[in-house]
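For reference, the structure discussed in these notes is given below.
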Amino acid sequence: MPLARIYTDERGEPVARIVDEDGAYVVSLDVFAQLPSPPVDAEVVEIAQRYKVYVKRRPLLRGVCELVYFQFSGGVQLINVKYVGPDDPDAVLPELYKVYEEEAKKEKEERHGGNDGEASAVGPPTRRAEQGQVGQ
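Oh and the sequence shown: position 57 is 57 in full-length UniProt numbering, straight run, nothing missing.
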(Lines of atoms letter the chains of each structure in order from A; the text may use other names.)
(Lines give C-alpha, C1' and ligand atoms only; values in the text may rest on other atoms or scores of the structure.)
Protein backbone atom coordinates (compact mmCIF):
# COMPACT_ATOMS: atom_id res chain seq x y z
CA MET A 1 0.00 0.00 0.00
CA PRO A 2 1.37 3.47 -0.87
CA LEU A 3 2.74 5.63 1.92
CA ALA A 4 1.65 9.29 2.07
CA ARG A 5 3.38 12.19 3.82
CA ILE A 6 2.03 15.69 4.28
CA TYR A 7 4.37 18.68 4.55
CA THR A 8 3.36 21.94 6.22
CA ASP A 9 4.56 25.54 6.05
CA GLU A 10 5.73 27.67 8.97
CA ARG A 11 2.09 28.35 9.96
CA GLY A 12 1.28 24.65 10.06
CA GLU A 13 -0.76 24.77 6.84
CA PRO A 14 -0.45 21.70 4.60
CA VAL A 15 1.33 22.63 1.36
CA ALA A 16 2.70 19.40 -0.10
CA ARG A 17 1.62 15.79 -0.32
CA ILE A 18 4.02 13.01 -1.16
CA VAL A 19 2.90 9.52 -2.10
CA ASP A 20 5.58 6.82 -2.23
CA GLU A 21 4.70 3.58 -3.94
CA ASP A 22 7.76 1.35 -4.10
CA GLY A 23 10.15 4.13 -5.11
CA ALA A 24 7.79 5.88 -7.52
CA TYR A 25 6.81 9.26 -6.10
CA VAL A 26 3.98 11.69 -6.62
CA VAL A 27 4.82 15.07 -5.08
CA SER A 28 1.91 17.51 -5.16
CA LEU A 29 1.87 21.21 -4.18
CA ASP A 30 -1.26 23.30 -3.82
CA VAL A 31 -0.46 26.74 -5.23
CA PHE A 32 -2.48 29.78 -6.26
CA ALA A 33 -1.48 32.17 -9.01
CA GLN A 34 -4.13 34.35 -10.66
CA LEU A 35 -3.54 34.47 -14.41
CA PRO A 36 -5.28 36.28 -17.25
CA SER A 37 -5.81 33.11 -19.31
CA PRO A 38 -4.73 29.47 -19.45
CA PRO A 39 -1.45 28.69 -21.22
CA VAL A 40 -1.89 28.09 -24.93
CA ASP A 41 0.01 24.78 -24.78
CA ALA A 42 -2.13 23.28 -22.00
CA GLU A 43 -4.53 20.40 -22.60
CA VAL A 44 -8.19 20.69 -21.55
CA VAL A 45 -8.85 17.58 -19.48
CA GLU A 46 -12.28 18.27 -18.04
CA ILE A 47 -15.21 20.50 -18.81
CA ALA A 48 -17.99 20.76 -16.25
CA GLN A 49 -20.62 23.30 -17.26
CA ARG A 50 -18.84 26.67 -17.00
CA TYR A 51 -15.55 25.39 -15.59
CA LYS A 52 -12.50 23.99 -17.36
CA VAL A 53 -9.41 22.28 -16.02
CA TYR A 54 -6.18 22.52 -18.02
CA VAL A 55 -3.01 20.48 -17.62
CA LYS A 56 0.40 21.46 -18.90
CA ARG A 57 3.15 18.82 -18.81
CA ARG A 58 6.91 19.26 -18.94
CA PRO A 59 9.97 17.19 -18.01
CA LEU A 60 11.45 17.70 -14.55
CA LEU A 61 14.53 15.86 -13.27
CA ARG A 62 13.95 12.21 -14.24
CA GLY A 63 10.16 12.50 -14.15
CA VAL A 64 7.27 14.63 -15.36
CA CYS A 65 5.85 17.84 -13.93
CA GLU A 66 2.15 18.64 -14.35
CA LEU A 67 0.74 22.13 -13.83
CA VAL A 68 -3.01 22.25 -13.23
CA TYR A 69 -5.04 25.35 -14.08
CA PHE A 70 -8.67 26.02 -13.19
CA GLN A 71 -10.75 28.34 -15.38
CA PHE A 72 -13.94 29.81 -14.00
CA SER A 73 -16.09 32.84 -14.82
CA GLY A 74 -13.79 35.14 -12.82
CA GLY A 75 -10.52 34.12 -14.45
CA VAL A 76 -7.82 31.46 -14.38
CA GLN A 77 -5.77 30.15 -11.49
CA LEU A 78 -2.74 27.89 -11.41
CA ILE A 79 -3.86 25.62 -8.56
CA ASN A 80 -1.50 22.64 -8.45
CA VAL A 81 2.04 21.68 -9.43
CA LYS A 82 2.78 17.96 -9.37
CA TYR A 83 5.81 15.74 -10.00
CA VAL A 84 5.63 12.05 -10.92
CA GLY A 85 8.87 10.10 -11.07
CA PRO A 86 11.70 8.30 -9.29
CA ASP A 87 13.57 11.27 -7.76
CA ASP A 88 13.80 11.80 -3.99
CA PRO A 89 10.99 14.13 -2.81
CA ASP A 90 13.43 16.28 -0.83
CA ALA A 91 15.22 17.06 -4.12
CA VAL A 92 11.94 17.48 -6.02
CA LEU A 93 10.24 20.00 -3.69
CA PRO A 94 12.60 22.95 -4.36
CA GLU A 95 12.44 22.23 -8.10
CA LEU A 96 8.63 22.26 -8.03
CA TYR A 97 8.68 25.66 -6.33
CA LYS A 98 10.98 26.95 -9.08
CA VAL A 99 8.61 25.64 -11.75
CA TYR A 100 5.67 27.30 -10.01
CA GLU A 101 7.42 30.66 -9.70
CA GLU A 102 8.66 30.53 -13.31
CA GLU A 103 5.24 29.60 -14.66
CA ALA A 104 3.39 32.28 -12.72
CA LYS A 105 5.93 34.92 -13.80
CA LYS A 106 6.09 33.73 -17.43
CA GLU A 107 2.33 33.64 -17.89
CA LYS A 108 2.01 37.07 -16.32
CA GLU A 109 4.64 38.55 -18.63
CA GLU A 110 3.38 36.83 -21.79
CA ARG A 111 -0.23 37.84 -21.31
CA HIS A 112 -0.02 41.38 -19.97
CA GLY A 113 3.52 42.62 -20.13
CA GLY A 114 4.15 41.79 -16.47
CA ASN A 115 1.42 44.03 -15.05
CA ASP A 116 -1.30 41.51 -14.22
CA GLY A 117 -1.28 38.12 -12.57
CA GLU A 118 -0.30 37.63 -9.01
CA ALA A 119 1.37 34.64 -7.41
CA SER A 120 0.69 33.92 -3.79
CA ALA A 121 3.55 33.87 -1.32
CA VAL A 122 3.87 30.10 -1.22
CA GLY A 123 7.13 28.90 0.25
CA PRO A 124 8.79 25.56 0.67
CA PRO A 125 7.37 23.27 3.32
CA THR A 126 9.32 23.27 6.54
CA ARG A 127 8.28 20.06 8.27
CA ARG A 128 6.40 16.83 7.91
CA ALA A 129 3.05 16.99 9.60
CA GLU A 130 1.68 13.52 9.07
CA GLN A 131 2.65 10.20 7.66
CA GLY A 132 0.34 7.31 6.95
CA GLN A 133 -0.90 4.87 4.39
CA VAL A 134 -3.05 6.11 1.55
CA GLY A 135 -6.69 5.28 2.09
CA GLN A 136 -6.59 5.39 5.88
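Using N, Cα and C, we set each Cβ at its ideal position, and we do this for glycine too.
Predicted, not measured: the structure shown is a model, and the values here were computed from it.
- Closest by C-alpha distance to L3, out of K106, F70, P89, I47, is P89.
- The Cβ-Cβ distance between A24 and P94 does not fall below 9 Å.
- In the structure shown, E10 falls within a coil segment according to DSSP collapsed to helix, strand and coil.
- Judged by DSSP secondary structure, R50 falls outside any beta strand (DSSP E); it is assigned neither H nor E.
- By the neighbour-count criterion, in which 16 or more other beta carbons inside 10 Å mark a residue as buried, E103 falls on the buried side.
- Y97 counts as buried, since at least 16 other C-beta atoms from the protein chains shown sit within 10 angstroms of its C-beta.
- A straight line joining the alpha-carbon of D20 with that of L29 spans about 15 Å.
- F70 sits away from K56, with the two beta carbons spaced by 9 Å or more.
- Restricting attention to V15, Y54, R58, D41, the CA atom closest to the CA of L78 is found in Y54.
- Collapsing the DSSP output to three states places L78 in a strand.
- Bounds of the beta strand (DSSP E) holding A33 are 24-35.
- Residue state for L3 is assigned as strand, using DSSP reduced to three classes.
- When only Cα atoms are considered, P38 and I47 end up about 14 Å apart.
- Sixteen is the threshold: since fewer than 16 other Cβ atoms of the shown chains lie within 10 Å of the Cβ of G74, the residue is exposed.
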